Structures are given as C-alpha cells and as structure tokens.
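All remarks here apply to the structure that follows.
There are 2 protein chains.
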Amino acid sequence: MVLYFIGLGLGDEKDITVRGLEAVKGCRKVVLERYTSVLGVDKEKLEAFYGRPIIYADRETVESEAESIYESAATEDVAFLVVGDPFCATTHTDLMMRAHKLGIKVEVVHNASVMGAAASCGLQLYNFGHTVSLCLWDKEMDWTPSSFYEKVLYNRKGGMHTLCLLDIKVKEPDFAEMAKGRVRYLPPRFMTIAQAVEQLLEVETERKAGAYTKDTMAVGLARLGQPSQLIVSGTLDELITVDFGAPLHSLVIAGETHPIEEEVLAMYAITADTPRAAPPSEQTQHDESGRDGEQ
Amino acid sequence: MVLYFIGLGLGDEKDITVRGLEAVKGCRKVVLERYTSVLGVDKEKLEAFYGRPIIYADRETVESEAESIYESAATEDVAFLVVGDPFCATTHTDLMMRAHKLGIKVEVVHNASVMGAAASCGLQLYNFGHTVSLCLWDKEMDWTPSSFYEKVLYNRKGGMHTLCLLDIKVKEPDFAEMAKGRVRYLPPRFMTIAQAVEQLLEVETERKAGAYTKDTMAVGLARLGQPSQLIVSGTLDELITVDFGAPLHSLVIAGETHPIEEEVLAMYAITADTPRAAPPSEQTQHDESGRDGEQ
Numbered sequence: 001m002v003l004y005f006i007g008l009g010l011g012d013e014k015d016i017t018v019r020g021l022e023a024v025k026g027c028r029k030v031v032l033e034r035y036t037s038v039l040g041v042d043k044e045k046l047e048a049f050y051g052r053p054i055i056y057a058d059r060e061t062v063e064s065e066a067e068s069i070y071e072s073a074a075t076e077d078v079a080f081l082v083v084g085d086p087f088c089a090t091t092h093t094d095l096m097m098r099a100h101k102l103g104i105k106v107e108v109v110h111n112a113s114v115m116g117a118a119a120s121c122g123l124q125l126y127n128f129g130h131t132v133s134l135c136l137w138d139k140e141m142d143w144t145p146s147s148f149y150e151k152v153l154y155n156r157k158g159g160m161h162t163l164c165l166l167d168i169k170v171k172e173p174d175f176a177e178m179a180k181g182r183v184r185y186l187p188p189r190f191m192t193i194a195q196a197v198e199q200l201l202e203v204e205t206e207r208k209a210g211a212y213t214k215d216t217m218a219v220g221l222a223r224l225g226q227p228s229q230l231i232v233s234g235t236l237d238e239l240i241t242v243d244f245g246a247p248l249h250s251l252v253i254a255g256e257t258h259p260i261e262e263e264v265l266a267m268y269a270i271t272a273d274t275p276r277a278a279p280p281s282e283q284t285q286h287d288e289s290g291r292d293g294e295q
Numbered sequence: 001m002v003l004y005f006i007g008l009g010l011g012d013e014k015d016i017t018v019r020g021l022e023a024v025k026g027c028r029k030v031v032l033e034r035y036t037s038v039l040g041v042d043k044e045k046l047e048a049f050y051g052r053p054i055i056y057a058d059r060e061t062v063e064s065e066a067e068s069i070y071e072s073a074a075t076e077d078v079a080f081l082v083v084g085d086p087f088c089a090t091t092h093t094d095l096m097m098r099a100h101k102l103g104i105k106v107e108v109v110h111n112a113s114v115m116g117a118a119a120s121c122g123l124q125l126y127n128f129g130h131t132v133s134l135c136l137w138d139k140e141m142d143w144t145p146s147s148f149y150e151k152v153l154y155n156r157k158g159g160m161h162t163l164c165l166l167d168i169k170v171k172e173p174d175f176a177e178m179a180k181g182r183v184r185y186l187p188p189r190f191m192t193i194a195q196a197v198e199q200l201l202e203v204e205t206e207r208k209a210g211a212y213t214k215d216t217m218a219v220g221l222a223r224l225g226q227p228s229q230l231i232v233s234g235t236l237d238e239l240i241t242v243d244f245g246a247p248l249h250s251l252v253i254a255g256e257t258h259p260i261e262e263e264v265l266a267m268y269a270i271t272a273d274t275p276r277a278a279p280p281s282e283q284t285q286h287d288e289s290g291r292d293g294e295q
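Residue numbers (the working numbering), protein chains in the order written: chain G, 1 to 295; chain V, 1 to 295.
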C-alpha cells in the first residue's frame, strides 16, 4: 500500500493537482495536517470535493502519534494532505523518513508553497536568502525571540531578499482552564504584517547592526494564491499602516533590486485605495479571523 | 477576457492543478513556453488531456513577439502555460507586467517548481541561499562564465545550501548552416550533474577562496517529481561518477546541516545499486536524450 504526501497548494479545494486528486479519491483514510499552515477552505467543502471524510491532524497527532498515520498505510492507501508543498516543514520530512524506514511505500505529490509563490511580489526567487520565522511575542512571559535578526542581516549584506514567515498559533492549550481540570484551547491566532514590522523595528533598535531601517523596501503578502490575495509594497514604516485583512500574512524584506523587480514593486505600491489601519498597538489583532478557526 | 499564467508543475500532464485544468479547457488559445524548462510529457499527450491544440512558444516568441500572446487576450481567454510555477523566470514576470499595463486581466495559477521541490533532497528550503545558474561552457569560444562562484561562497559562509540550476539549450541556431542560407537549429542540449561538478571544481581550482572542495556534500536531482526521479547524495567527487540518466538535472551544494537533514542525506547516499558512469570528459553527453527534443 502507499502513503501519499499530497501538497494542496495555497488557496482552495481546486488547487490540488489532478494527480493528487486521483490519489485522494483512491484512499479510504485521508488526513489533513493543519497546524503548520491553514488552507482557505472549509473542511466540509474539501470533503464534498474529494468524496472522502477528512481527519484533522494537529501538532500532537503528527509529532507524537505519527504511527497512527503511517502504520495504517501498511494495510490501506493513506493520503496525508499538507497545505502548500509536502516539504514545506521539517515535520513532514521526518514523517516520510520514518515511514520509509518501516518499508512503507511513500509517494509525494508536489504543489505550490508560500516559499515559491512569494515570488508573486516581483522579487525574483533565485535572489532570496535564508527564510526566517517570526514568532508572536509574549512580553509578559519575557518570550521575545529574535534569532531571525542575524539571518536577515546576512541576507541583506549579500544583497538577498528575505522571506519572513509569520507565526500561527492553532490549538494552543489554555493552561488557566487546564489548571481547573478542563481541556480548553485558546482561539487561533495569526501574526499580522504590522505586528511583524513592529517586531523587526524593535529588534533593530536594540541590536543596531543596520540589518534594515524603517525606510527599507518590503512587500506584504496576504492570502497568497487566493482570490482575495493582497500584495502591497512599501517601506517598513509604510507597511505598518496597511490593513492586510484576514490571515495568512507573509512579509518579504527586499535586498538589492534590479530594474524589473523595481517595476513590479512600483506596481504594488501603496495607493489611495489601499486599505489602511491604525498601528497594531491600537488595533484589534486578527486573532479570530481565520475562517478555519473553529476548534 | 483573461490572460492566465498557469504553472504545470514538474512531471506530466496530471501535475496541473484542477483550477489550472479548468482554465485551460475554457481557453481557445493555449501557448506553452518551453525554453526555460522542459516538461516530461509529449505535446500530443498534453493536447489530448486538455482537448485543446497547443502552440509552442520559444525564446523568440516570448521575448520579441510577446504582443501576439497578450494582445489576443483582449478578445479571447488565453492560457500561457509554464513548466513549474509562472514566477520561475524573470521573463514571465515581465510578460505579466506588460499585459497588466495594457489593462488585460491577468490570473496566476501557481504550481510546484524545481525551486521548491528541490527540498525533496532532504535539505530544508528555509536554509537555502542564492540560487545559481551554471552554463554549458564553450572553451573554444572562451565562454566559461563563473559568476556563480561568489554566490556559492557567500551562501556557504553563511551556512546556507545552494541550488544550482543547470543549463538548457533548446532551439539554438546553427550558425554554420545559417551562413549557407539554411535555417537550422542545433539539437537540444542539457547540462548533466557530472558536467556541473567538473565546472565547479575547475572554478575552485582557479579562484581558491574555499567555497567548497571535492569533499563537500551535495545532492544530485534528476527528473524531479517524475516517476523516474533519481536523488543521490554524496561528495562532489562521488557525484561525478553517478549516471543520472535523462534530463533535467539539478544540483544542491549543502551548507551547514542539521541532524534530520543528515539522516535524509544518508538515505539518499550512493549504494551498490546506484547507476555509475565514467567521468564526463570520457562519456557521451546527454545532448539528445530529451524526450521533448524534436524541433
């Protein structure tokens, strides 16, 4: 039997490939991983399109109970669905390798991921350096990781662009409730571009190595590959004023740019029609705006 | 009307997305760009699958006669098909922008590209730096570009992996024939991994900046995403002895590696079953082995 790792792409149910769809339709067990990213479509719509029930896999299922996924592939074809491409996250590589070691046949169906589609912003993919992840800080808990800074600095010194992936908190335990013996999860939270820019500028103020300034060109990407996709370019200081709407958001910090890149950036520049917002410290965060947010 | 830019992914006709297939079926004019990459499937098979005739676009059509593509989108829906993702190559970005300026509605259908699927080799995508292109050298004409070297050096100093895209020569004019008044094209040529490694080592011998050595770990990727895909890891010196077979080939030079990455590299290491070949200077080049080679 086969354990398929199938990329779903970025948008809705029709972003699966024809090969991927045929594989899903041939599997009785279909598992959807949905904590490293979020697809812009409801589970019910996916199930109707596939003609198959879907089992959600959260971080716990994938990282601790992985056997339940790959062991059943010994007796039946199993489809493990991943938003984007199956190789987006280390977790999936690990899962594939464990299945491989058990002698389970693995097939991969590639698809678009944010790491390729980010080139929509006009900055050429071959000129991107290290990708960095920005985490939602918790200043009360003194949790303000900033290890991204050195990587952005190195990329920028080498003239490279930097893709910043913004944090997703899905199915996080509510410890206050758990202390009372109740299993509760916090509502999903998605980092906004404005939050990311605030964080970047705060770290620059501390480290002062000149990785970037508030005048550095960047591009905000929201709901990439979906019909409501929003791409806006501007300085970091300008992007903080844009309301990018519902998740997911990503940010690209430009390195050295070439004339064609500059032309595309100009096409995406802020205009009078660009939705604007108050800075993130004054605004309501997009904590609960994920369409896929029900737990 | 709409000008669709549709990514075809890496392998065969079923690697198109469901959204992409629906768009193609709705277009009377379907153009396939095929000089920046090559799909592993015949035109006839694609036409049968789409139920549409396909017009090939070579470098000339896309770069000099682009109007013929986007102007017809003023009166009818046009599908412009691109192997991989539409944003793989600068040319497509430029074409999109020109269409946009003429007020033609553009829609993009993303797909997997080699730049994302290269992560199949086990080296994590977020840790890749600058992508480099290696050209087929012509020593007789003193054409031995090596500008990739500085980029690989910078990537490696920063611990990053480097994806090397290997040259494709499709529909190159045969000047000797043209001088006789005959329009002839040279057979397509595709750079092999062995040729790439020879070139890399030759440039290191000249520059001596220690970007890599013959003992640097790398991974060769052939026919990525296709059923006959071959992934082999080893030192540069080892990879030169592997026969990767038909095109397309790519090479990833590893930077710093983490335990999971090392585990995957070990899984792809050369074994007794790995097809072996004589060094490229002694072997016949894979010049005419492209399935899609007829001009």
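The beta-carbon is built from N, C-alpha and C at its ideal position, and this holds for glycine as well. No experiment lies behind these values; they were computed from the predicted model shown.
{"Asked": "CB contact below 7 Å: Thr36 of chain G versus chain V", "Found": "no"}
{"Asked": "Contact with chain G by Thr131 of chain V, beta-carbon distance below 7 Å", "Found": "yes"}
{"Asked": "Beta-ladder partner(s) of Ser64 of chain G, from DSSP", "Found": "Per DSSP, none; premise fails for Ser64 of chain G."}
{"Asked": "Chain G within 7 Å of Ser113 of chain V, Cβ atoms only", "Found": "yes"}
{"Asked": "Selected residue, minimal CA-CA separation from Leu298 of chain G, among G:Val108, G:Glu67 and G:Tyr56", "Found": "The structure shown does not extend to residue 298 of chain G, since chain G is modelled only from 1 through 295, so no value can be given for it."}
{"Asked": "Interfacial residues, the stretch 205-237 of chain V to chain G, with Cβ spacing under 7 Å", "Found": "Gly225"}
{"Asked": "First and last residue of the uninterrupted beta strand (DSSP E) at Met160 of chain G", "Found": "No beta strand (DSSP E) contains Met160 of chain G, which DSSP labels as neither H nor E."}
{"Asked": "Rounded C-alpha distance that separates Gln199 of chain V from Thr36 of chain G", "Found": "39 Å"}
{"Asked": "Delimiting residues of the beta strand (DSSP E) encompassing Ile253 of chain V", "Found": "His249 to Ile253"}
{"Asked": "Range of the contiguous beta strand (DSSP E) that encloses Glu140 of chain V", "Found": "Element bounds for Glu140 of chain V: n/a, residue is neither H nor E."}
{"Asked": "Backbone CA spacing between Leu8 of chain G and His249 of chain G [nearest angstrom]", "Found": "18 Å"}
{"Asked": "7 Å Cβ cutoff met for Val242 of chain V and Tyr268 of chain V", "Found": "no"}
{"Asked": "Sequence-distant residues of the same chain with beta carbon closer than 6 Å to Ile16 of chain G, five excluded per side", "Found": "Leu8"}
{"Asked": "Alpha-carbon to alpha-carbon, Arg156 of chain G and Val109 of chain G", "Found": "34 Å"}
{"Asked": "is_contact[Thr162 of chain G, chain V] using C-beta, thresh 7 Å", "Found": "no"}
{"Asked": "Contact list for the stretch 262-274 of chain G against chain V, Cβ threshold 9 Å", "Found": "Glu263, Val264 and Met267"}
{"Asked": "Cα-Cα separation between Thr235 of chain V and Ile270 of chain V, rounded to whole angstroms", "Found": "10 Å"}
{"Asked": "Complete runs of the beta strand (DSSP E) confined to the stretch 64-134 of chain V [at least 3 residues]", "Found": "78-82, 105-109 and 132-134"}
{"Asked": "Separation of Ser68 of chain V from Val30 of chain V, as counted between CA atoms", "Found": "12 Å"}
{"Asked": "Pair within 7 Å by beta-carbon distance, Gly116 of chain V and Gly116 of chain G", "Found": "yes"}
{"Asked": "Option in V:Ala194, V:Arg276 and V:Ala79 with minimal Cα separation from Ala218 of chain V", "Found": "V:Ala194"}
{"Asked": "The alpha helix (DSSP H) enclosing Thr205 of chain G, as first and last residue numbers", "Found": "Ile193 to Arg207"}
{"Asked": "Of the listed residues V:Cys164, V:Thr257 and V:Tyr126, nearest to Gly220 of chain V (C-alpha basis)", "Found": "V:Cys164"}
{"Asked": "Anticipated Cβ contact below 8 Å, Cys27 of chain V with Asp58 of chain V, distance rounded", "Found": "Actually they are not in contact, since the Cβ atoms of Cys27 of chain V and Asp58 of chain V sit about 20 Å apart, beyond 8 Å."}
{"Asked": "Residue environment, Thr192 of chain G, which counts as buried when at least 16 other CB atoms sit within 10 Å", "Found": "buried"}
{"Asked": "Limits of the unbroken alpha helix (DSSP H) element including Met1 of chain G", "Found": "Element bounds for Met1 of chain G: n/a, residue is neither H nor E."}
{"Asked": "Rounded straight-line distance, which links the Cα of Lys139 of chain G to that of Asp85 of chain V", "Found": "40 Å"}
{"Asked": "Beta-carbon contacts of Gly225 of chain V that lie in its chain and below 6 Å, excluding the five residues immediately before and after", "Found": "Leu10, Gly11 and Ala117"}
{"Asked": "Terminal residues of the beta strand (DSSP E) in which Glu33 of chain G lies", "Found": "Lys29 to Glu33"}
{"Asked": "Contacts around Asp94 of chain G, its chain only, beta-carbon distance under 7 Å, and the 5 residues preceding and following it disregarded", "Found": "none"}
{"Asked": "Pair within 7 Å by beta-carbon distance, Val264 of chain G and His161 of chain G", "Found": "no"}
{"Asked": "Asp136 of chain G: first and last residue of the uninterrupted alpha helix (DSSP H) it sits in", "Found": "Reading off the sequence shown, one finds Leu at residue 136 of chain G, where the question assumed Asp. From DSSP, Leu136 of chain G is part of no alpha helix (DSSP H); its letter is neither H nor E."}
{"Asked": "Euclidean distance between Cα positions of Thr90 of chain G and Glu261 of chain V", "Found": "9 Å"}
{"Asked": "Buried versus exposed call for Arg182 of chain V [16 or more other C-beta atoms within 10 Å across all chains shown]", "Found": "exposed"}
{"Asked": "Test item: CB-CB of Lys300 of chain V and Tyr185 of chain V under 7 Å", "Found": "As displayed, chain V neither begins before 1 nor continues past 295, which places residue 300 of chain V out of reach and without an answer."}
{"Asked": "Span separating the alpha-carbon of Leu3 of chain V from that of Glu206 of chain V", "Found": "47 Å"}
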